[in-house]
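These protein sequence lines map, in sequence, to chains G and B. This note's numbering puts the first residue of the first sequence at 1, with every later residue one more than the last. This note's numbering puts the first residue of the second sequence at 1, with every later residue one more than the last. Cβ coordinates follow ideal geometry from the N, Cα and C atoms, glycine included. Notes for the one structure printed next.
There are 2 protein chains.
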Amino acid sequence: MNSLTEENYLKALLALSTNSDEVSINDLAKHLDIKMPTVTSMMKKLASKKLVQYESYKPVKLTKKGKQEAAIIVRKHRLTEMFLVEKMGFGWEQVHDIAEQIEHIKSPPFFDKMDELLGFPKLDPHGSPIPDKTGKIVWKHYEKLSDCKKGDTLMLSAVLNSSADFLKFLNSRNLKLGTHIIIDAIEPFDGTMSVSIGKRKEILSGLVCEKLLVENITH
Amino acid sequence: MNSLTEENYLKALLALSTNSDEVSINDLAKHLDIKMPTVTSMMKKLASKKLVQYESYKPVKLTKKGKQEAAIIVRKHRLTEMFLVEKMGFGWEQVHDIAEQIEHIKSPPFFDKMDELLGFPKLDPHGSPIPDKTGKIVWKHYEKLSDCKKGDTLMLSAVLNSSADFLKFLNSRNLKLGTHIIIDAIEPFDGTMSVSIGKRKEILSGLVCEKLLVENITH
DNA sequence: ATAATTTATTAGTCTATTCTAACTTTGTAG
DNA sequence: CTACAAAGTTAGAATAGACTAATAAATTAT
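The structure is reproduced here in structure tokens:
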């Protein structure tokens, strides 16, 4: 059984290996807000448990086993978020911190029951896929709003940041999953977009646009 | 903020001070399955946080502050048990271990929401009172089945042990909260009782009878 | 291709929580 | 009132996880 600390390292490793599969000690240290030497020693420990592949001075890689165990934690996190929103009435901006704690609960029946009560959902309240029980994660083919072009009509489908601040910002602009967005203009310098959300005109910074995943529904 | 470990000591202290208010290091050590020296040093720590009153070679006492913080943990435990049974469909024998973990979650809104969804319950699924937000705990005036006499008609109102084994035993005898029990005979030697539960006759050991709290409803 | 910068590792320390072994106090049985 | 058992404490060590300072390897930039 992995400790809470080990679980947090695994989760961070999975989160950081979206692209390259390989994660530097430095990135991991920054992500976890922990110093590099601490990370190095934890990598040795996780390697001895066959959860990561580790060699001195090389980036780290989750093993199949490590990837699976990490995905199960993510599964518990996202099921919890869904449960908090759908069954307990929380807003999508309130659930991250609670789920961050509940994801470490050791009780398969607890999460199975959530899953069942929710009707075996595929997506969490932020549009991220809920890994299945074997640890498989399937993302739909979304694109970042920041990669779309002027005139496109888009549907907001997922957000890449679940912090309360970011989600409160989206709430204040009436941006929810499913909301339609039309790109009226793009500022070439910094990627700021002028968009239409329903009848409202809004300005979204480049940073915000990078965190919004959309489906292109331009007719 | 208290650590998970500290919280477990506080809870144990509260559980053991039902009668005398004072708890011996030895009892605490046994209850937590931890050696006495470890307990001693934790008592010094809790004393420095003004959670217990501690003097060398004397039994320990929760301070008002300690009692309150312990009760809040018990509140979270019992609200969770109630939620698991009422809103998630678990049996009363399945919820203790899960609640044991969830009671340490740091999120007042999470427990407030449970409370609200449950309609502000006063009792948990085992008949124990749920402490209020200030930490006040009010037990109804139950008696132990083991203290009742032949011919009494009783209503099972609470159980003093929430272990899965014990509760599965009660399930197998159709004993639930609210069930009526008539004492047909008491074995003087060991307190074994012959009882009627509905139309069924059952034998309950003295140990079991001590764990059952009842209301006397003899006509 | 060599210096400068960044990244990673080693070595040693710290805190929280636990343990064992040895000693001290308290309380009780004659 | 003593002697012994039970309860409690002290001292010293272990483990997990985190840190800092110093060193080493790898990368980048001239």
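Measure the C-alpha to C-alpha separation of residue i and residue j and round it to an integer number of angstroms.
i, j, result
"L16 of chain B", "I72 of chain B", "16 Å"
"Q68 of chain G", "L62 of chain B", "44 Å"
"W92 of chain B", "L160 of chain B", "13 Å"
"H141 of chain B", "H77 of chain B", "22 Å"
"I197 of chain B", "G135 of chain G", "48 Å"
"S20 of chain B", "K44 of chain G", "50 Å"
"K49 of chain B", "K50 of chain G", "41 Å"
"K176 of chain B", "D152 of chain B", "18 Å"
"I98 of chain B", "Y57 of chain G", "41 Å"
"T18 of chain G", "G178 of chain B", "55 Å"
"E202 of chain G", "C148 of chain G", "16 Å"
"P108 of chain G", "I34 of chain B", "28 Å"
"F189 of chain B", "E86 of chain B", "40 Å"
So, are the CB atoms of residue i and residue j less than 9 Å apart?
i, j, result
"M193 of chain B", "S128 of chain B", "no"
"L4 of chain B", "L28 of chain B", "no"
"F110 of chain B", "L84 of chain G", "yes"
"L222 of chain G", "A158 of chain G", "Residue 222 of chain G lies beyond the residue range present for chain G, which begins at 1 and ends at 219; the question has no answer from this structure."
"V23 of chain B", "V74 of chain B", "no"
"M82 of chain B", "D124 of chain B", "yes"
"H96 of chain B", "S162 of chain B", "yes"
"I181 of chain B", "V195 of chain B", "yes"
"L170 of chain G", "V214 of chain G", "no"
"M42 of chain B", "E6 of chain B", "yes"
"H126 of chain G", "L167 of chain G", "yes"
"S205 of chain B", "G191 of chain B", "yes"
"Q101 of chain B", "K106 of chain G", "yes"
Near residue i, which residues of its chain fall below 8 Å by C-beta distance, leaving aside the five closest residues on each side in sequence?
i, result
"K150 of chain G", "I183, D184, A185, I186"
"D115 of chain B", "L79, P121"
"N174 of chain G", "I197, G198, R200"
"L32 of chain G", "N8, Y9, A12, V39"
"I137 of chain B", "A71, V74, P129, P131"
"A164 of chain B", "E93, Q94, H96, D97"
Please decide whether residue i counts as near chain B, where near means a Cβ-Cβ distance under 9 Å.
i, result
"I217 of chain G", "no"
"Q53 of chain G", "no"
"Q94 of chain G", "yes"
For residue i, I'd like the list of residues in its chain whose CB is within less than 6 Å of its CB, leaving aside the five on either flank, ordered along the chain.
i, result
"E210 of chain G", "K144, S146"
"L46 of chain B", "V52"
"M36 of chain G", "I25, A29"
"V39 of chain B", "I25, L28, A29"
"L139 of chain B", "A quick correction: the sequence has Trp, not Leu, at residue 139 of chain B. So the list reads P129, once near-sequence residues are dropped."
Would you say residue i lies against chain G (beta-carbon separation less than 9 Å)?
i, result
"F110 of chain B", "yes"
"M1 of chain B", "no"
"K87 of chain B", "yes"
"M114 of chain B", "yes"
"D97 of chain B", "yes"
"F120 of chain B", "no"
"S107 of chain B", "yes"
"Q101 of chain B", "yes"
"L231 of chain B", "Outside the displayed range of chain B (1 to 219) lies residue 231 of chain B, so it cannot be described from this structure."
Within a Cβ cutoff of 7 Å, which residues of the same chain sit near residue i, ignoring the five residues on either side of it in sequence?
i, result
"E55 of chain G", "none"
"D65 of chain G", "Residue identity check: residue 65 of chain G is Lys in the sequence provided, not Asp. Closer than 7 Å at Cβ, skipping near neighbours: K50, L51."
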